[in-house]
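In this note's numbering, the protein residues as written are 3 to 391. Beta carbons are placed, not taken as given, at the ideal position from N, Cα and C, and that holds for glycine. Here the structure comes first, spelled out in structure tokens, and everything after it is commentary.
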Amino acid sequence: MLHLPWWGNTLAAFLLTHLSIISVTLYLHRHKAHRALSMNPALSHLFRAWLWLTTGIITREWIAVHRKHHARVESCDDPHSPQQVGILSVLFGGLLLYRRAARDSKTLRKYGFDAPNDRIERGLYTRFPNFGLVLMLAIDLIVFGPLAGAIIYAVQVIWIPFWAAGVINGLGHYLGYRNYEVGDASRNIVPWGLLVGGEELHNNHHAFPQSARFSTRWFEIDLGWIYLKLLNQLRMTKIHRIQPIMEARLATHPCDTATLQAFLVNRFEILAEYAQHVVSNVVHEERLHMFHRERRQLMRQAGHLMRTETLGLNPRADNQLQKALSLSPKLQTVYQMKQQLQNIWTRSTDSSDVLVHQLEDWCRAAEHSGIQALEGFSERLRTYRLVKV
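See below:
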């Protein structure tokens, strides 16, 4: 038995729960659910054993529920959407929502593919999912003593249900900032993904679900990605996919297939750039020419609504947006050009030649709009191409 001071027991609890967090984000989430990386079998078995001991999670159930969340996000079929059941229900009842979804045999059949099905999975982890928790309790009591062991065990047991099933699934679709205008309510809770291994960057993940890296901005930290890079150096993992990266070619020229590929693959990045460099700049310029406080306030709100309208606007918000657009022909042009840009994405099944022609027409219209921000955006868009990583 270890006789640790209070701070020693606290540190031990943090390290043990941190290992659980890393097991969830690296093994369950990035490796099994999204297949963004491959993992050494020994490391995979280590994560599976630890999750069995500390959470009782069955891999097939977890990846099935998570994949269904992405497929049916924010709909009534989403297993844990705070937009449907309320933030408190997810924040404090996320485990119950997860278990309810995991009992659905249709969900498991449709989304639970590529789960481990070896002898230890069938004979131990899936057959006796709660035995690991009992074994973990015994280990904690023996190692840390009756009182400290019981407290550390309690922290271990509630850590994943609260932080992963509650905070990430709840606040990750309710509170925070958005880098990308995806068609759901996902948010980056904080830019530094340390406590929950990078899962805090939830909006980034929904924009690029197949990426092994969740950070996309220079100031964002994805601790899980740091671990992955280290494991990759040790040849314990192999990273398959990250977010597509664009670069600007030196010369501006007509849109071609390289421009189209960057445009289609990195649409959320391009839409974010449009919001930052076109919408925000035009809103700022228009507000400078307005003397009525109410109109300036309405224009500011319109800029926000134009950046978030993919979530759907209620009648009041839509009325505010339309009123602001009626006050500014320039902003109305920016809004219409954004709609036209999004329409090209919706026609992504058309031939490449047709799409290149449509994109070139859009750029020409932007450059003849008389709006400096639109002209500059069009010039940058023409130069983009994907970088091989």
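- Item | Counterpart residues of MET308 in DSSP-defined beta bridges | None, per the DSSP bridge assignment.
- Message: Is the beta carbon of ALA277 closer than 8 Å to that of ARG309?
- Response: For ARG309 and ALA277, yes; Cβs fall inside 8 Å.
- Task: Just the C-alpha distance for LEU225 and GLY195, rounded to the nearest angstrom, thanks.
- Result: Taking the straight line from one Cα to the other gives about 6 Å.
- Query: Between LYS332 and GLU288, which are expected to be in contact by the criterion C-beta below 8 Å, what is the C-beta distance as a whole number of angstroms?
  - Reply: About 6 Å separates the two Cβ atoms, so the contact holds.
- Task: Kindly list the residues whose CB is nearer than 8 Å to the CB of ILE154, restricted to its own chain and excluding five residues on each side of it in sequence; keep chain order.
- Result: If you ignore the 5 residues before and after ILE154, its C-beta comes within less than 8 Å of the C-beta of ASN11, ALA14, ALA15, LEU18, ASP142, PHE146, all in its own chain and listed in chain order.
- Task: For MET138, decide whether its Cβ has a neighbour in chain D, counting only Cβ atoms nearer than 8 Å.
- Result: This model lacks chain D altogether, as it is built from one protein chain only.
- Integer-rounded CB distance, given that LEU307 should sit under 8 Å from LEU315: Contact between LEU315 and LEU307 holds, with the beta-carbon distance rounding to 6 Å and staying under 8 Å.
- Task: Tell me, please, whether the segment 266 to 280 touches the segment 55 to 69 by the rule of three or more beta-carbon pairs shorter than 8 Å.
- Result: Too few Cβ pairs lie closer than 8 Å, so no.
- Taking the Cβ atom as the reference point for each residue, do VAL26 and ALA166 lie within a distance shorter than 8 Å? For VAL26 and ALA166, yes; Cβs fall inside 8 Å.
- Query: Per DSSP, which one or two residues make a beta bridge with GLU76?
  - Reply: Note: GLU76 sits in no beta bridge, so no partner.
- Query: Is the segment 108 to 128 in contact with the segment 33 to 51, if contact means three or more CB pairs nearer than 8 Å?
  - Reply: The segment 33 to 51 and the segment 108 to 128 touch, with three or more beta-carbon pairs separated by less than 8 Å.
- Among LYS231, ASN206, GLY185, ARG243, nearest to SER213 - alpha-carbon criterion: Comparing Cα-Cα distances from SER213 to each of LYS231, ASN206, GLY185, ARG243, the minimum goes to ARG243.
- Segments of 4+ residues assigned as alpha helix (DSSP H) that fall wholly inside the segment 180 to 237: The segment 180 to 237 contains these whole alpha helix (DSSP H) runs: 204 to 209, 225 to 235.
- Determine the direct distance from the alpha carbon of GLU76 to that of SER330, and round the result to whole angstroms. Straight-line spacing of the CA atoms in SER330 and GLU76 works out to 33 Å.
- Just tell me which of TYR386, LEU343, ARG37, LEU97 has its CA closest to the CA of LEU273. Closest by alpha carbon: LEU343.
- For MET3 versus LEU55, is the C-beta distance shorter than 8 Å? Cβ atoms of MET3 and LEU55: not closer than 8 Å.
- Taking the beta strand (DSSP E) that TYR386 falls in, what are its first and last residues? 386 to 389 is the extent of the beta strand (DSSP E) around TYR386.
- Message: Suppose you measure from the CA of PRO163 to the CA of PHE94; what does that come to, to the nearest Å?
- Response: Rounded to the nearest angstrom, the two C-alpha atoms are 9 Å apart.
- Cα-Cα separation, CYS257 to TYR337: Cα-Cα distance, rounded: 22 Å.
- Should ALA35 be labelled buried (16 or more other beta-carbon atoms within 10 Å of its own) or exposed? Buried is the call here.
- Measure the alpha-carbon distance for ALA140 versus GLN86 and round it to whole angstroms. Near 39 Å, if we compare the C-alpha coordinates of GLN86 and ALA140.
- Query: Contact check, TYR100 vs VAL67 under 8 Å by CB: the rounded distance?
  - Reply: Between VAL67 and TYR100 the Cβ distance is about 6 Å, and since that is below 8 Å, they are a contact.
- Tell whether a beta-carbon distance below 8 Å holds between MET301 and LEU388. At least 8 Å separates the beta-carbon of MET301 from that of LEU388.
- Taking C-alpha atoms, which residue in ASN283, ARG366, PHE210 lies nearest to THR254? Checking every option, the nearest Cα to that of THR254 belongs to ARG366.
- On the DSSP bridge assignment, give the partners of MET3 in chain order. Answer by DSSP bridge pairing: none, since MET3 is not bridged.
- Does DSSP put LYS351 in a helix, in a strand, or in coil? A quick correction: the sequence has Thr, not Lys, at residue 351. Three-state DSSP puts THR351 in coil, outside helix and strand.
- Residue nearest to TYR176 in terms of C-alpha spacing, selected from LEU97, LEU90, ARG102: With distances taken between Cα atoms, TYR176 lies closest to LEU90.
- In terms of DSSP beta bridges, what is MET248 paired with? Its beta-bridge partners are LEU388.
- Minimum C-alpha distance to ARG382 - residue among GLY305, LEU252, SER282, VAL356: It is LEU252.
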